[in-house]
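Residue numbers (the UniProt record's numbering): 1 to 268.
Ideal placement from N, C-alpha and C gives every residue a C-beta, glycine not left out.
The model shown is predicted, which means the values in this text are computed figures rather than measured ones.
Below is one structure, written out as structure tokens; comments come after it.
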DNA sequence: ACTATCCCCTGACGGC
DNA sequence: TGCCGTCAGGGGATAG
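Set out below in structure tokens:
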């Protein structure tokens with residue numbers, strides 16, 4: 001499940017490879033990919049012949065900046081992978097590919113077709129959006145946003161309108177480090193507790209980036225290698241195991257249709 | 001403003 | 001062997 005650290009890992013890998021490359025040809029067999037009434041033809045007209053200036057990330061979105069007024073946004077959702085110079089003979093589930101000069105190809109592999117690709121005008125790439133990224137958001141903005149919500153803190157961390165980049169794995173991990181129970185209403189947390197969550201958020205995401213992300217089922221780096229966070233995770237998918245902090249048995253509950261894992265002893 | 005629920009899609013897995 | 005139900009989970013839509 002690509003979340004912020006996985007997107008960051010992909011961006012770091014791709015950035016030097018595709019900087020300055022020109023887009024020669026686009027291919028796709030999945031109309032749904034483009035959403036909002038767009039299609040491959042409409043996208044092609046605006047991209048073909050353009051140069052990719054840079055590769056960045058906002059939340060879980062991967063952003064290719066073109067040398068015109070557009071950015072190409074890619075969201076991998078749950079099973080999406082970007083493949084660099086993949087082998088056509090080996091891969092199933094390729095939904096989109098982009099030929100670049102120098103005989104290079106960037107392809108989207110996505111088993112469940114939940115991922116999407118959109119062209120977004122640079123003028124709509126607002127600071128407000130960038131400033132909600134989990135690694136950029138200020139403590140004041142984070143705290144003020146949580147103070148306004150009575151939703152459960154687990155859901156608040158997953159809500160991309162509040163903070164961008166956290167998914168189910170890292171929300172569990174962040175709350176474990178912060179010692180906060182996932183069911184707690186966001187607006188019931190005092191400044192001190194929000195500070196703990198804020199610090200844990202930065203710590204967990206940076207640690208996961210250093211490890212190259214979490215490979216559980218589908219996620220791989222564009223070179224096909226696995227990320228290294230999964231073995232060092234503290235709670236996610238550890239129901240019934242002992243908490244690394246205090247030895248209590250880790251519980252798993254459902255919150256809003258998603259699984260949440262936590263230590264019932266130190267997360268309060 | 002927020003909650004609850006469904007849907008999109010495919011593959012893995014357990015029960016029989 | 002294979003059929004069926006369930007689960008994985010981000011985000012959009014919709015009803016309440």
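Environment of residue 137 [buried if 16+ CB atoms lie within 10 Å]
It counts as buried.
Quick one: Cα of residue 100 to Cα of residue 243, how far?
C-alpha separation (whole angstroms): 48 Å.
Classification of residue 249 by the beta-carbon crowding that lies within 10 angstroms, buried from 16 upward:
Sixteen is the threshold: since fewer than 16 other Cβ atoms of the shown chains lie within 10 Å of the Cβ of residue 249, the residue is exposed.
On the CB-based measure, 16 or more other CB atoms within 10 Å of its CB, does residue 36 come out buried or exposed?
With fewer than 16 other Cβ atoms from the protein chains shown falling within 10 Å of its own Cβ, residue 36 counts as exposed.
Comparing alpha-carbon positions, which option in 182, 267 and 31 lies nearest residue 43?
Closest option to residue 43, Cα to Cα, is 31.
Would you call the region 171 to 185 and the region 251 to 262 in contact, with 3 or more CB pairs under 8 Å?
Yes: the two stretches touch, three or more of their Cβ pairs being nearer than 8 Å.
Going by other Cβ atoms of all chains shown within 10 Å of its Cβ, with 16 needed for buried, is residue 180 buried or exposed?
With 16 or more Cβ atoms within 10 Å of its Cβ, residue 180 is classed as buried.
Contact between the region 104 to 119 and the region 9 to 18 is defined here as three or more beta-carbon pairs at a separation below 8 Å; is this criterion met?
With a cut-off of 8 Å, the region 9 to 18 and the region 104 to 119 count as touching, because enough Cβ pairs lie within range.
Less than 8 Å between the beta carbons of residue 148 and residue 189, yes or no?
Taking the C-beta atoms as reference points, residue 189 is found no nearer than 8 Å to residue 148.
Checking the sheet assignment: what are the DSSP bridge partners for residue 164?
Per DSSP, 133.
Within its chain, find whatever has a CB closer than 8 Å to the CB of residue 130; leave out the 5 residues flanking it on each side and keep chain order.
The beta carbon of residue 130 lies closer than 8 Å to those of 58 and 136 in the same chain, with the five residues before and after it left out.
Any chance you could list the beta strand (DSSP E) runs of at least 3 consecutive residues sitting entirely within the region 36 to 81, in chain order?
If only complete runs of 3 or more residues are kept, the region 36 to 81 shows the beta strand (DSSP E) at 52 to 58, 61 to 66 and 70 to 75, in order along the chain.
I'd like to check one pair, residue 47 with residue 76: are the Cβ atoms closer than 8 Å?
No, they are not a contact pair.
Who are the near neighbours of residue 74 in its chain, counting only those whose CB is closer than 6 Å to its CB and skipping five residues on each side?
Once the five neighbours on either side are set aside, the close Cβ partners of residue 74 are 62 and 117.
Nonlocal neighbours in the same chain, by C-beta distance under 7 Å from residue 160, ignoring five residues either side
Scanning its chain for C-beta atoms nearer than 7 Å, with the 5 sequence neighbours on each side dropped, one finds around residue 160 the residues 59, in chain order.
Rounded distance between the beta-carbons of residue 182 and residue 202, thought under 8 Å
Contact between residue 202 and residue 182 is absent: CB atoms are separated by about 19 Å, not below the 8 Å threshold.
Distance CB(residue 166)-CB(residue 175) smaller than 8 Å:
Their beta carbons are not under 8 Å apart, which means residue 166 does not touch residue 175 by this criterion.
Distance, Cα to Cα, residue 115 vs residue 87?
One C-alpha to the other measures close to 21 Å.
Is it the case that the Cβ atoms of residue 270 and residue 150 are separated by a distance below 8 Å?
Because the chain spans 1 through 268 in this model, residue 270 falls outside it and cannot be assessed.
Ignore the nearest five residues each way along the sequence and tell me which others in residue 24's own chain have a CB closer than 7 Å to its CB.
Taken in chain order, the residues that qualify are 99, 100 and 101.
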